[in-house]
Amino acid sequence: MFRPFVAALLLLAIVAAAPVPVPAAEPDQNELPTLTIGYVDLEPDVRYDDWGLHPVDIRSATAIVDRHAWAGAELGLADVAQLSRVAKANFALERRTVADAAAAIEAIKGLAADGISLFVLDLPDAAVAEVAKATRGSGVLLFNATATGDSLRNDDCAPHLFHTAASRAMLMDGLAQFLKAKKWTRVLILQGPLAEDELTASAFKRAAKLFGVAVTETRNFVLGNDPRARELNDLAFLTGNASYDAVMVADADGEFALAVPYDTLQPAAVVGASGLVPRVWHWSYTRHGAPQVHGRFERMHGRRMGEADWGAWVAMKTIGDAVVRTKSLAAADISAYIRGDQMRVDGSKGPGMSFRPWDNQLRQPVLLSSDVWVVANAPIEGFKHRTNDLDTLGYEERDTTCRF
Amino acid sequence: MLALGLAGPASAAGTGYIFVSNEADHTVTVVDGKTFQVVKTIATGQRPRDMRWVEGKTRLLVAVSGSDRIDVIDVSKLEVVGAIQAGEDPEIFALDPSGKILVAANEDDNEVTVTDAATGERIRTVEGVGVEPEGVTFRHDGKVVFVTSEATNTVFVIDPWQGEIITEVLVGNRPRRGIVTPDDKEYWVTNELGATITILDAQTYELIDTVHFEKRGLRQEDISPVDFAMTRDGKTAYITLGRANHVAVVDVASREVTDYILAGSRVWGAALNADESLLVVTNGASDDITIIDTAKKVAVNSVAVGRTPHTVRIDD
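Protein chains in written order, with our numbering: chain A, 1 to 404; chain B, 1001 to 1316.
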């Protein structure tokens, strides 16, 4: 897929990064075709700009300033570059950082006109849905690396949209399994004001019902110190006069959640947005080859590898593996392989991972982690599925509303 | 630097000891092969992993990945007496049959290091051997070495004497360790994801066959083959199945799986004793070793060792 440079692209993209080719190990690399993978993200993206930042880190000179998934894609490119000899192809990435979903669609259409058919997306839920709708039937494949929305795996699903990010349902199912296994089955939900918090609380309620955990009460909180609103902002009130073994915090912004552990009125585990957090990846994981991945990432980027990085890295690995196994650079062949029975990608979380044919979601373990340790790896021991235990996490074939 | 002589024939009377490297404890546990009591725990460098005998089993080499070297254990003293170079983060290594060179996989640098076994000095480095190189296996004629690349799903065939990559062959998912049949005809490699073994022609490097593991009651996702032990006559292979907590017994000629033997949690390393009556396996997630009677095909004992036992070698 040799791609002439088109000047018009510069107009479409707000920020256009140079392609990052990586040479193959073989001396005849120049004669190999190059598979260029498109990469689209947003700037600003509330998930990286505001959410999850510690109030100290906002001002800190030592804080991680860039948490975008792009760093993971770069590691993925370095890893798949090593496949050149057997893939008989070189790999490259072409990044477009845009302002909104409409610009993302334009960027993808522009790159597609140049022959790029595979795209890694680091976009929020709504933008992923819009991009998928606008590119349906155009022959491109999209890999959603970071958006967790359950609707993307249900009503907004698309046959050319694959998810390496875990869904909210998968994350909450892992959490509910853990609580059930611990017999911490009375749970108080503290829910923030954002729409995402409502979605997280709903996903947890679904999981609780599924795995036999009781939500004793759901209370709304706001971040603030106003004494007139102490029922909403003071943890003594928010966690008082209720019975619970655990407190589940639904807080996409994340600042309120920081203060909850150790400050509940009753002794209780804090889970969700702080305390024990369900994640697709955590730097503290020491098994299944994860230390090698952490090591490569940290040497490359000088920071720890986050969930977004993992999603983009696995998307790149999935593409690389598909090219090697199919001996094809065609999107249709790659899609058929990824959706097939034989596909297994290694995400250094234990089992080989494959995509669910009913919603194109990557099956994967969920790491239940504190700030410094992976406490448990869901599916939790004892939660069995009739075919694949990973399918105890997230929407099952019988539950999905996805119709390709 | 410690001088190592040629790898001679095995000494007639070994200590009977079982040596186990404990990856998370930075120790090697020595277990009496008759009483199954722990004799000694030897402190090593950081993160000890693969181990190989040299000098007629009078010395045991231990790759200490976290310390970027290979420690030398004196078997009569049961202590570390020296170290040799093997590049950064050596994990699995092998000596050529003549004992002249040592080849180690350097997992983090995507390269293999060739070391002069006599002087312990690095001879050369072969770069670009995929991502996360792991298993290192010499063909018995010593001319080529097979190196698995875990994250690229390939096996590199390398001429270590010239430092050249001869070819790269696509195998199953996450290839871990290899073994070459005694007749030098076949190279077997475990694929950790996908519950299979890929068999290559050890001379032409063509794909010959694939062995699939499946057992009632075992989840396919849990069957994660890692290490081998093979009888000297080349008739029987034992393969550890990781999270499936079983060891598979394979008839090499027919490539049929004849038995599955229950072992410990995340069964990993494997070694046979001299008369091949016992198979000892390490259980990475239960911090112990399982002793298996190969005639009865059943576990007969287990011994607690250190944290995350990696490799086992037997001196008898």
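C-beta atoms are modelled at their ideal positions from N, C-alpha and C, and glycine is treated no differently.
Predicted, not measured: the structure shown is a model, and the values here were computed from it.
Quick check: what's the CA-CA separation for residue i versus residue j?
i	j	result
residue 85(A)	residue 161(A)	28 Å
residue 1216(B)	residue 336(A)	30 Å
residue 1008(B)	residue 1072(B)	Caution is warranted here: a pLDDT of 43 is assigned to residue 1008(B), below 50, making its placement in the model unreliable, and the coordinate value is therefore given only provisionally. Whole-angstrom Cα-Cα distance: 16 Å.
residue 1133(B)	residue 1110(B)	6 Å
residue 73(A)	residue 121(A)	10 Å
residue 1039(B)	residue 1247(B)	26 Å
residue 1023(B)	residue 133(A)	50 Å
residue 319(A)	residue 83(A)	11 Å
residue 373(A)	residue 1267(B)	24 Å
residue 99(A)	residue 1105(B)	45 Å
residue 349(A)	residue 32(A)	33 Å
residue 1078(B)	residue 208(A)	55 Å
residue 394(A)	residue 1063(B)	42 Å
Could you name the residues of chain B that residue i contacts, counting a contact when the two beta carbons are closer than 7 Å?
i	result
residue 388(A)	1221
residue 85(A)	1168
residue 289(A)	1132 and 1150
residue 292(A)	1107, 1108 and 1132
For residue i, return the contacting residues in chain A, with the cut-off set at a CB-CB distance below 8 Å.
i	result
residue 1193(B)	344, 346, 351 and 352
residue 1216(B)	What residue 1216(B) touches in chain A: nothing, since even the nearest Cβ is about 14 Å away.
Can you tell me whether residue i is helix, strand or coil according to DSSP?
i	result
residue 1117(B)	coil
residue 191(A)	strand
residue 177(A)	helix
residue 261(A)	coil
residue 1238(B)	strand
residue 26(A)	With a pLDDT of 49 at residue 26(A), under the threshold of 50, the modelled position of that residue is not reliable, and the figure given next carries that caveat. Residue 26(A) falls in the coil class under three-state DSSP.
residue 1067(B)	helix
residue 1192(B)	strand
residue 238(A)	helix
residue 1053(B)	strand
residue 86(A)	helix
residue 1143(B)	coil
residue 1187(B)	strand
residue 301(A)	helix
residue 366(A)	strand
residue 1245(B)	coil
Any idea if residue i is buried or exposed, counting beta-carbon neighbours within 10 angstroms, 16 or more meaning buried?
i	result
residue 1089(B)	buried
residue 1298(B)	exposed
residue 62(A)	exposed
residue 1160(B)	buried
residue 24(A)	With a pLDDT of 44 at residue 24(A), under the threshold of 50, the modelled position of that residue is not reliable, and no figure is offered here.
residue 117(A)	buried
residue 213(A)	buried
residue 27(A)	Only weak support exists for where residue 27(A) lies, its pLDDT of 49 falling under 50; the value from the coordinates is given anyway. Label assigned to residue 27(A): exposed.
residue 44(A)	exposed
residue 1083(B)	buried
residue 1046(B)	exposed
residue 1148(B)	buried
residue 327(A)	exposed
residue 1175(B)	buried
Just the chain A side, please: which residues come within less than 7 Å of residue i by C-beta, in chain order?
i	result
residue 1131(B)	79 and 82
residue 1174(B)	346
Relative to the alpha-carbon of residue i, which residue among the options has its alpha-carbon at the smallest distance?
i	options	result
residue 1179(B)	1135(B), 1309(B) and 1125(B)	1135(B)
residue 1271(B)	1306(B), 1280(B) and 1264(B)	1280(B)
residue 1164(B)	1185(B), 1112(B) and 1093(B)	1112(B)
residue 397(A)	363(A), 371(A) and 343(A)	363(A)
residue 378(A)	386(A), 387(A), 365(A) and 370(A)	365(A)
residue 1220(B)	1196(B), 1232(B), 1208(B) and 1204(B)	1196(B)
residue 400(A)	206(A), 215(A), 352(A) and 153(A)	153(A)
residue 276(A)	150(A), 38(A) and 172(A)	172(A)
residue 268(A)	242(A), 283(A) and 252(A)	242(A)
residue 96(A)	70(A), 151(A), 69(A) and 39(A)	39(A)
residue 1017(B)	1025(B), 1149(B), 1103(B) and 1036(B)	1036(B)
residue 265(A)	178(A), 58(A) and 247(A)	247(A)
residue 76(A)	316(A), 395(A) and 68(A)	316(A)
residue 1207(B)	1189(B), 1194(B) and 1313(B)	1189(B)
Could you work out which residues of chain B lie near residue i, taking near to mean beta carbons separated by less than 8 Å?
i	result
residue 361(A)	Under the 8 Å cutoff, chain B gives no residues; its nearest Cβ is about 16 Å from residue 361(A).
residue 295(A)	1108
residue 177(A)	Those within 8 Å of residue 177(A) in chain B number zero; the least Cβ separation is about 17 Å.
Please list, in chain order, the chain B residues whose beta carbon lies closer than 9 Å to that of residue i.
i	result
residue 324(A)	1152, 1153, 1154 and 1170
Kindly list, in the order they appear in chain A, the residues whose Cβ is closer than 9 Å to that of residue i.
i	result
residue 1259(B)	Within 9 Å Cβ-Cβ: nothing; residue 1259(B) doesn't reach chain A, min ~24 Å.
Q | Residues of the segment 306-325 of chain A with Cβ closer than 9 Å to any Cβ of chain E, in chain order | A | Among the protein chains in the structure shown, which are A and B, there is no chain E.
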